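J.: Have a look at this one.
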Amino acid sequence: MGMLDNKTAIVTGSSRGIGADVAKLLAAEGAAVVVNYRQKAPRANKVVAEIEANGGRAAAVGADLTSQDGVQALASAAMENFGSLDILVLNASGGMESGMEEGYALKLNRDAQVNMLNAAVPLMPEGSRVVFVTSHQAHFINTVPTMPDYEQVARSKRAGEDALRELVPALADKGITLVVVSGDMIEGTVTATLLDRAAPGAIEARRAEAGKLFSVQEFAAEITKMVTADVESGHTEYAGGSEYFGKGAGN
């Protein structure tokens with residue numbers, strides 16, 4: 000018996016990286032998992048196949064979270080495939096990719112997060128949990144400057160966090176809690192790779208400052224823990240290196 004038996008989770012942006020590992024860990028605890036992807040169906044199908052091979056339940060669902068149709072389809076997929084929706088992990092983010100429209104970072108990192116939550120809430124019973132995944136560089140952007148190449152993304156993610164926090168009272172009325180998980184730079188993520196490409200040496204410098212950076216697997220484990228952690232709604236969980244940013248700075 001797992002801690003999440005008879006629960007259903009949506010993990011946005013879960014065809015690879017942190018999201019994929021979170022999906023696998025949730026499935027290992029008994030949750031049925033909706034594995035979300037935007038374009039790379041084979042990657043998502045691979046995650047699903049691995050979960051199923053280990054005795055879990057999962058379904059791959061393609062959805063562009065920057066469109067209202069996408070968020071509605073993703074929320075509905077949980078009900079259609081597994082009959083419930085109890086956990087929403089808001090992991091998808093971006094903004095450093097090349098060729099994206101102007102304002103894309105804010106559209107994905109703020110607007111899509113709120114829209115996804117609003118689409119999910121009517122389907123979620125009392126006791127459900129929402130987990131928003133962010134970075135220290137974004138969470139502390141108002142008090143600690145970040146690298147110029149990441150500032151736009153950091154500010155858009157902080158805007159997303161702020162917008163979600165404004166919904167905490169409304170979520171409380173429905174018995175739903177929101178937890179924020181903030182991590183330092185994570186070794187091996189797409190964002191870290193793009194950032195190091197834009198600012199060579201950025202990852203090595205941050206590793207030297209922090210002493211250690213979390214791996215994808217380690218950070219995914221921290222996120223997964225917060226799905227069932229006994230904490231108040233609005234709690235921020237810091238994963239590695241927060242002392243450098245001033246952990247006492249509050250939310």
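If you count by numbering that gives the first Met the number 0, then the sequence shown holds residues 0 to 250, one letter each, in order. Ideal placement from N, C-alpha and C gives every residue a C-beta, glycine not left out. In this text, all values refer to a predicted model and were calculated from it rather than measured experimentally.
The alpha helix (DSSP H) spanning LEU73 covers which residue range?
T.: First-last of the alpha helix (DSSP H) with LEU73: 67 to 81.
J.: Could you compute how far the alpha carbon of GLU100 sits from the alpha carbon of LEU107?
T.: C-alpha separation (whole angstroms): 11 Å.
J.: Among THR133, ARG42, ALA19, which residue has its Cα nearest to the Cα of GLU160?
T.: Answer by Cα proximity: THR133.
J.: Since ILE222 and VAL32 should fall inside the 8 Å C-beta cutoff, what is the C-beta to C-beta distance between them, to a whole number of angstroms?
T.: So it is not a contact: roughly 13 Å between Cβ atoms.
J.: Here's the rule I'm using: 16 or more other beta-carbon atoms within 10 Å means buried, otherwise exposed. How should ALA207 be labelled?
T.: Per the 10 Å Cβ criterion, exposed.
J.: Provide the residue(s) that pair with GLU236 in DSSP beta bridges, ordered along the chain.
T.: For GLU236, which the question treats as bridged, DSSP gives the partners VAL180.
J.: In chain order, which continuous runs of the alpha helix (DSSP H) of length 4 or greater are located wholly inside the segment 113 to 165?
T.: You should have 135 to 138, 147 to 164.
J.: Please name the residue or residues paired with GLY61 in a DSSP beta bridge.
T.: TYR36.
J.: What do you get for SER92, buried or exposed, if any count of 16 or more other CB atoms within 10 angstroms of its CB means buried?
T.: Buried is the call here.
J.: Does DSSP put VAL88 in a helix, in a strand, or in coil?
T.: Strand at VAL88.
J.: Quick one: what's got a C-beta closer than 6 Å to THR65's C-beta in the same chain, skipping five residues either side?
T.: Excluding sequence neighbours, THR65 sits near LYS106, LEU107, ALA111.
J.: Under 7 Å from any heavy atom of the ligand MG, does the C-beta of ASP4 make it?
T.: Among the components modelled here there is no ligand, and therefore nothing to report on the ligand MG.
J.: Give the DSSP-derived three-state secondary structure of VAL167 in the structure shown.
T.: Helix.
J.: How should GLY249 be labelled, buried or exposed, when 16 other C-beta atoms within 10 angstroms of its C-beta is the threshold for buried?
T.: With a pLDDT of only 49 at GLY249, under 50, the local geometry of the prediction cannot be trusted, and the value read off the model is given with reservation. GLY249 comes out exposed.
J.: What does DSSP give as the partner residues of ARG56 in its beta bridges?
T.: Per DSSP, ALA31.
J.: Please state if the CB of VAL152 and the CB of GLY94 are separated by a distance shorter than 8 Å.
T.: Against a cut-off of 8 Å, the Cβ pair of VAL152 and GLY94 comes out as a contact.
J.: What did DSSP end up calling ILE9 once you bin it into helix, strand or coil?
T.: Strand, per DSSP.
J.: May I have the straight-line CA-CA distance separating ALA43 from ASN53, to the nearest angstrom?
T.: Each residue's Cα considered, the two are about 16 Å apart.
J.: Taking all protein chains shown into account, do 16 or more other C-beta atoms lie within 10 angstroms of the C-beta of ARG109, making it buried, or fewer, making it exposed?
T.: With 16 or more other Cβ atoms within 10 Å, it is buried.
J.: Whole-angstrom Cβ separation of GLY240 and LEU177, contact assumed at under 8 Å?
T.: Not a contact, Cβ separation roughly 23 Å.
J.: Using 8 Å as the threshold, is the C-beta distance between VAL230 and ILE175 below it?
T.: Cβ distance not < 8 Å, so VAL230 and ILE175 don't count as in contact.
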